[in-house]
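Report on one structure; see the data block that follows.
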Amino acid sequence: MFAENVSGEGSLRQDFEALSVSKRLVRSVSQKLRKKNHRGEGEEEDKVRGISLKCLTLYGRGGGCKVGADTGEEFGDPSSRRRSSASEEGKVYKTICGTEENNFDCFSYGVKEKFWKKNNRKDLELEESVRNSRMHIFLPDDILEMCLVRLPLTSLMNARLVCKKWRYLTTTPRFLQMRREGSYQNPWLFLFGAVKDGYCSGEIHALDVSQDQWHKIGADILKGRFMFSVASIEDDVYIVGGCSSLTNFGRVDRSSFKTHKGVLVFSPLTKSWRKAPSMRYARSMPILGISEVSSEFLVIQSHQNRHDRRFPRSRVGGVSDVYEDPHRLSLRRQYRNAFDENEHSLFPNRKSYKFIRQRSEQSNTKGCKRFVLIAVGGLGSWDEPLDSGEIYDSVSNKWTEIQKLPIDFGVVCAGVVCNGMFYVCSENDKLAGYDIDRGFWIGIQTSTFPPRVHEYYPKLVSCNGRLLMLSVSWCEGDGQIGRRNKAVRKLWELDQMYLTWTEVSVHPDAPMDWNPAFVADRNLVFGVEMFKIFGQVLDFFTVCDVSDMGMKWNHISRNHMAHDLDASSCMTKTMAVLHL
Numbered sequence: 001m002f003a004e005n006v007s008g009e010g011s012l013r014q015d016f017e018a019l020s021v022s023k024r025l026v027r028s029v030s031q032k033l034r035k036k037n038h039r040g041e042g043e044e045e046d047k048v049r050g051i052s053l054k055c056l057t058l059y060g061r062g063g064g065c066k067v068g069a070d071t072g073e074e075f076g077d078p079s080s081r082r083r084s085s086a087s088e089e090g091k092v093y094k095t096i097c098g099t100e101e102n103n104f105d106c107f108s109y110g111v112k113e114k115f116w117k118k119n120n121r122k123d124l125e126l127e128e129s130v131r132n133s134r135m136h137i138f139l140p141d142d143i144l145e146m147c148l149v150r151l152p153l154t155s156l157m158n159a160r161l162v163c164k165k166w167r168y169l170t171t172t173p174r175f176l177q178m179r180r181e182g183s184y185q186n187p188w189l190f191l192f193g194a195v196k197d198g199y200c201s202g203e204i205h206a207l208d209v210s211q212d213q214w215h216k217i218g219a220d221i222l223k224g225r226f227m228f229s230v231a232s233i234e235d236d237v238y239i240v241g242g243c244s245s246l247t248n249f250g251r252v253d254r255s256s257f258k259t260h261k262g263v264l265v266f267s268p269l270t271k272s273w274r275k276a277p278s279m280r281y282a283r284s285m286p287i288l289g290i291s292e293v294s295s296e297f298l299v300i301q302s303h304q305n306r307h308d309r310r311f312p313r314s315r316v317g318g319v320s321d322v323y324e325d326p327h328r329l330s331l332r333r334q335y336r337n338a339f340d341e342n343e344h345s346l347f348p349n350r351k352s353y354k355f356i357r358q359r360s361e362q363s364n365t366k367g368c369k370r371f372v373l374i375a376v377g378g379l380g381s382w383d384e385p386l387d388s389g390e391i392y393d394s395v396s397n398k399w400t401e402i403q404k405l406p407i408d409f410g411v412v413c414a415g416v417v418c419n420g421m422f423y424v425c426s427e428n429d430k431l432a433g434y435d436i437d438r439g440f441w442i443g444i445q446t447s448t449f450p451p452r453v454h455e456y457y458p459k460l461v462s463c464n465g466r467l468l469m470l471s472v473s474w475c476e477g478d479g480q481i482g483r484r485n486k487a488v489r490k491l492w493e494l495d496q497m498y499l500t501w502t503e504v505s506v507h508p509d510a511p512m513d514w515n516p517a518f519v520a521d522r523n524l525v526f527g528v529e530m531f532k533i534f535g536q537v538l539d540f541f542t543v544c545d546v547s548d549m550g551m552k553w554n555h556i557s558r559n560h561m562a563h564d565l566d567a568s569s570c571m572t573k574t575m576a577v578l579h580l
């Protein structure tokens with residue numbers, strides 16, 4: 001009896017164990033199916049809500065994020081099954097890191113960024129662009145202008161490549177005026193007329209004097225053009241006249257050429273070119289003078305007959321009526337009286353002279369300085385020397401013919417504007433001045449003209465109201481009077497009151513160049529000499545500060561840029577100086 005009871009209890013226990021195992025198996029299968037369905041719904045819900053970035057929704061057996069949770073079941077650990085109970089069947093799986101609205105990040109440092117870049121790269125790029133744009137929004141334009149206006153010219157050109165806004169801000173008239181009136185400018189030398197491999201390359205060589213750096217500026221508009229003259233005012237360079245070959249375009253060939261009367265304007269600050277009105281006569285190598293004038297400037301147009309070509313007034317050195325007259329009032333009164341008394345003798349035919357008062361709208365001249373450009377002499381279309389002249393007015397934007405030089409004055413070789421007078425010098429060592437305001441020539445007879453070697457033509461420059469001349473003369477040395485052992489280039493100054501020349505400086509270099517170029521700006525005189533020696537073209541750039549008591553010359557560039565140029569560049573070169 002006892003044995004039957006024991007055997008019955010054993011079979012019953014086995015049935016209960018089998019039943020419990022089957023229940024556990026069913027429960028585990030149902031849990032897995034519930035998990036699978038719950039994960040599918042969660043993924044769809046995350047896709048709709050877009051919240052999968054905060055948590056990967058890796059759920060553990062006890063619910064919540066699996067980061068740091070028990071993963072024994074996935075790795076086949078049977079002990080994990082014991083943690084399941086019947087109470088888990090009705091549980092809803094919730095994340096350990098909180099509800100979806102709490103926005104807690106359960107990732108370690110750097111994991112979210114990697115996950116973001118992998119799945120939402122476009123959104124990340126958009127966010128970065130917005131973040132970068134916010135850095136530039138809060139910088140006002142006036143502060144940006146104040147920063148850019150202080151940059152050197154080379155850095156300013158590079159800054160324009162940053163964006164369209166910076167390019168626009170640095171090319172407005174307001175910005176250019178701020179830079180012109182500020183003290184942030186440095187002298188720049190622009191060398192034109194370079195010839196390479198027999199062709200007029202059209203390249204402009206620009207020297208930053210403060211940095212001693214050369215820059216090349218491409219100018220296709222000047223290709224094939226040579227023997228032109230340049231003049232600078234404010235931020236612009238005017239290229240006047242010139243020649244070009246008809247048979248061999250681009251080459252320096254004067255056997256068959258065309259003489260131009262066109263005028264081009266180059267603006268280095270904006271690297272732009274524009275055309276100005278053409279001259280009345282075609283000229284090559286004209287003598288130029290440029291000067292600012294008042295708004296009431298009066299242009300005098302002349303149709304002078306050949307027999308009337310004489311100096312209406314002349315000034316003789318050695319005698320002055322303006323002794324101890326700092327404002328030169330007596331001289332002005334003398335000119336005024338002479339002009340009134342001799343009006344009929346100066347203008348025998350009133351119809352041959354036309355007074356033109358330029359009128360323009362106030363909107364066009366407001367904030368703009370008025371200037372005139374004078375072109376005298378040069379060579380004509382048939383390579384003949386010209387004695388005519390014409391003047392360009394920036395307000396009327398046209399050229400007007402002026403009074404011609406006298407027949408016996410000779411060929412003009414140099415000229416410069418000084419104190420409202422356009423001084424010109426001839427190959428015959430004569431000096432004349434064109435009164436820009438009154439519109440006629442004045443013969444100037446100095447006490448003694450500086451001695452010079454006739455193969456070297458003199459050069460005129462003007463610095464701070466001082467008229468200077470550079471001429472080459474023989475130097476006596478070794479105590480032997482009359483022995484011409486070497487030639488030197490000297491700098492002379494004209495006393496505009498007593499009309500006497502005084503030697504003020506001696507150039508350190510030997511005059512190897514027959515056609516040097518000298519330009520002046522403010523208190524500095526710049527010079528360039530180029531010559532070919534030992535099969536190579538050399539160039540020497542010098543500067544003289546006239547405000548210095550010693551007035552010594554210094555070399556400003558040891559980087560010879562003319563090594564790859566032809567020897568013909570020594571004759572075709574011309575130079576301009578600007579403060580940029």
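Its first residue numbered 1, the sequence shown is counted upward by one per residue in UniProt numbering.
All C-beta atoms, glycine included, are put in the ideal place defined by N, C-alpha and C.
Only a predicted model underlies this, so the values are computations on that prediction, with no experimental measurement involved.
- The bridge partners DSSP lists for T502 are E493.
- Secondary structure at M178: helix, using DSSP grouped into helix, strand and coil.
- The three-state reading of DSSP puts S569 in helix, counting H, G and I together.
- Residue pairing for A231: DSSP places it in a beta bridge opposite Y238.
- Distance from the CA of V412 to the CA of P406, rounded to the nearest whole angstrom, comes to 11 Å.
- Of all C-beta pairs linking the region 247-262 to the region 291-298, fewer than three are shorter than 8 Å, placing the two stretches out of contact.
- Assigned with DSSP and collapsed to three states, W166 falls in helix.
- CA-to-CA, the gap between T400 and V240 works out to about 15 Å.
- Around the beta carbon of L386, a 10 Å sphere encloses 16 or more other beta carbons of the protein chains shown; the residue is thus reported as buried.
- I556 places its beta carbon less than 9 Å from that of L207.
- Apart from the 5 residues on each side of it in sequence, V230 sits with its Cβ closer than 6 Å to the Cβ of F192, V237, I239, T574 and A576 in its chain, given in chain order.
- The beta-bridge partner set that DSSP reports for M530 consists of D539.
- V263 sits close to S278, with the two beta carbons spaced by under 9 Å.
- For the beta strand (DSSP E) assignment, the uninterrupted runs of no fewer than 3 residues enclosed by the region 252-311 are, from N- to C-terminal side, 257-259, 263-267, 272-276, 287-292 and 298-302.
- Note on P458: 16 or more other CB atoms within 10 angstroms of its CB, so buried under the neighbour-count rule.
- Within the DSSP secondary-structure output, P385 pairs in a beta bridge with L379.
- In the three-state scheme derived from DSSP, where H, G and I count as helix and E and B as strand, H205 is classed as strand.
- Contact check for S505 against M551 passes: the beta carbons are separated by less than 9 Å.
- Per DSSP, the continuous alpha helix (DSSP H) segment holding E145 begins and ends at D141 to L148.
- For L246, there is no enclosing alpha helix (DSSP H), as DSSP marks it with neither H nor E.
- The distance from the Cβ of L148 to that of L169 is about 7 Å, consistent with a contact at the 8 Å cut-off.
- In the displayed model, S394 falls within coil according to three-state DSSP, outside both helix and strand.
- When rounded, the separation of the alpha-carbon atoms in L144 and N158 is 15 Å.
- In the three-state scheme derived from DSSP, where H, G and I count as helix and E and B as strand, D545 is classed as strand.
- Looking at the DSSP output, I217 sits in a beta bridge with I204.
- Relative to Q536, the option among L222, E181, A567 and F526 whose CA is nearest is A567.
- Remark: C-beta atoms of W474 and V488 approach each other more closely than 9 Å.
- When the five nearest sequence neighbours on each side are left out, the beta carbons in the same chain lying within less than 7 Å of the beta carbon of R274 are those of V265, in order along the chain.
- Here the alpha carbon of V528 sits roughly 11 Å from the alpha carbon of A562.
- With a threshold of 16 other beta carbon atoms within 10 Å, F531 meets it and is buried.
- Under the three-state reduction of DSSP, R370 is assigned to coil, being neither helix nor strand.
- Collapsing the DSSP output to three states places N464 in coil.
- By alpha-carbon distance to D545, the top candidate from Q213, V525, L468 and F371 is V525.
- Apart from the 5 residues on each side of it in sequence, F371 sits with its Cβ closer than 7 Å to the Cβ of I233, I290, S291, E292, V293 and S394 in its chain, given in chain order.
- According to the DSSP assignment, N186 belongs to no beta strand (DSSP E), since it is labelled neither H nor E.
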